[in-house]
Amino acid sequence: MTVERLTPFLSICGLLLLWLAAAFLTDDPQILPTPFDLLPLFGTELASGELLHHLGATLLRVLWAFALAMTLGTVIGFVMGRSENVNRWLDPWLVIFLNLPALVLIVLCYLWIGLSETAAIIAVTLNKIPNVALVVREGARALDPNLDALARIYRMSGWSRLRHVLLPQLAPFIAAAARGGVAVIWKIVLVVEFLGRSSGIGFQIHLYFQLFDVAMVLVYALSFICVMLVVEWALLQPWERRVSRWRRV
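Just so it is clear: in the sequence shown, position 123 is 123 by the numbering used here, and no numbers are missing.
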């Protein structure tokens, strides 16, 4: 195995060593338990089905919000990048929503729509759309005009032009927005669940926060972090390398 492949593993081992050192210095499992203290709790929650139930609820919300935010943000960003008139109209909206705190949007969605699943997903989606649109807009502005001219010369159809000219150039920007999107979306989903849902990792963290149970907060938080790391390393990073490969040829 190459050093490059071992580096992420060694990095995580270093983080665990820091955690162990901090727990040793604290010398109080109720304040900062060691990773070994969490293993029995993790096993109990897994065996009872509670952990899988709440992981599934959070993951479903993340998937819905991610799909909606990526679709809408990509369309908006592409149109803004290709049309200066549209960009002039929508850029102030983009700036406002980029600077609007996530907590404000979450609270407003709950007040206007109610403490429902729809409100939760809409709140997360609205928080992420501006970030996706911003990245894709820059990608649309960076499209090579020579390739556009080539597509016109060969009279490519709209679908062929989209598939073979536009999407390959936009793909690295979309991949970057997707990687950043997953990281941000799941954190906002936890806040949404913390404030107004009866299931999910955020709900469980809220419950154990009220009980001052640091160990269980860490069990649920780290469980979902592990899921997101698998998504990042197994899906998003390979996809980003693949869609960016043509630039290195």
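Built from N, CA and C at the ideal position, the CB exists for glycine as well.
Please classify residue i: is it buried, with 16 or more other beta-carbons within 10 angstroms of its beta-carbon, or exposed?
{"i": "P33", "result": "buried"}
{"i": "Q204", "result": "buried"}
{"i": "P238", "result": "exposed"}
{"i": "G14", "result": "exposed"}
{"i": "F173", "result": "buried"}
{"i": "R137", "result": "buried"}
{"i": "N131", "result": "buried"}
{"i": "S11", "result": "exposed"}
Helix, strand or coil: how does DSSP classify residue i here?
{"i": "I76", "result": "helix"}
{"i": "R155", "result": "coil"}
{"i": "G275", "result": "No answer is possible for residue 275: the residues shown for the chain start at 1 and end at 249."}
{"i": "I282", "result": "The structure shown does not extend to residue 282, since the chain is modelled only from 1 to 249, so the question has no answer here."}
{"i": "L10", "result": "helix"}
{"i": "D37", "result": "helix"}
{"i": "I106", "result": "helix"}
{"i": "P168", "result": "helix"}
{"i": "I31", "result": "coil"}
Pull up the distance between the alpha-carbon of residue i and that of residue j, whole angstroms please.
{"i": "L190", "j": "Q169", "result": "34 angstroms"}
{"i": "N127", "j": "G43", "result": "34 angstroms"}
{"i": "D37", "j": "L6", "result": "26 angstroms"}
Going by alpha carbons, who is nearest to residue i out of the options?
{"i": "T125", "options": "G139, L68, S116 and M216", "result": "L68"}
{"i": "I31", "options": "V230, I225 and V217", "result": "V217"}
{"i": "D28", "options": "E240, I122, A123 and D213", "result": "D213"}
{"i": "F66", "options": "V219, L39 and V184", "result": "V184"}
{"i": "L59", "options": "L229, A23 and L16", "result": "L229"}
{"i": "T71", "options": "A221, A133, A176 and F194", "result": "A133"}
Quick test of your reading: residue i and residue j, contact by CB under 8 angstroms. State the CB separation rounded to the nearest angstrom.
{"i": "W186", "j": "V62", "result": "5 angstroms"}
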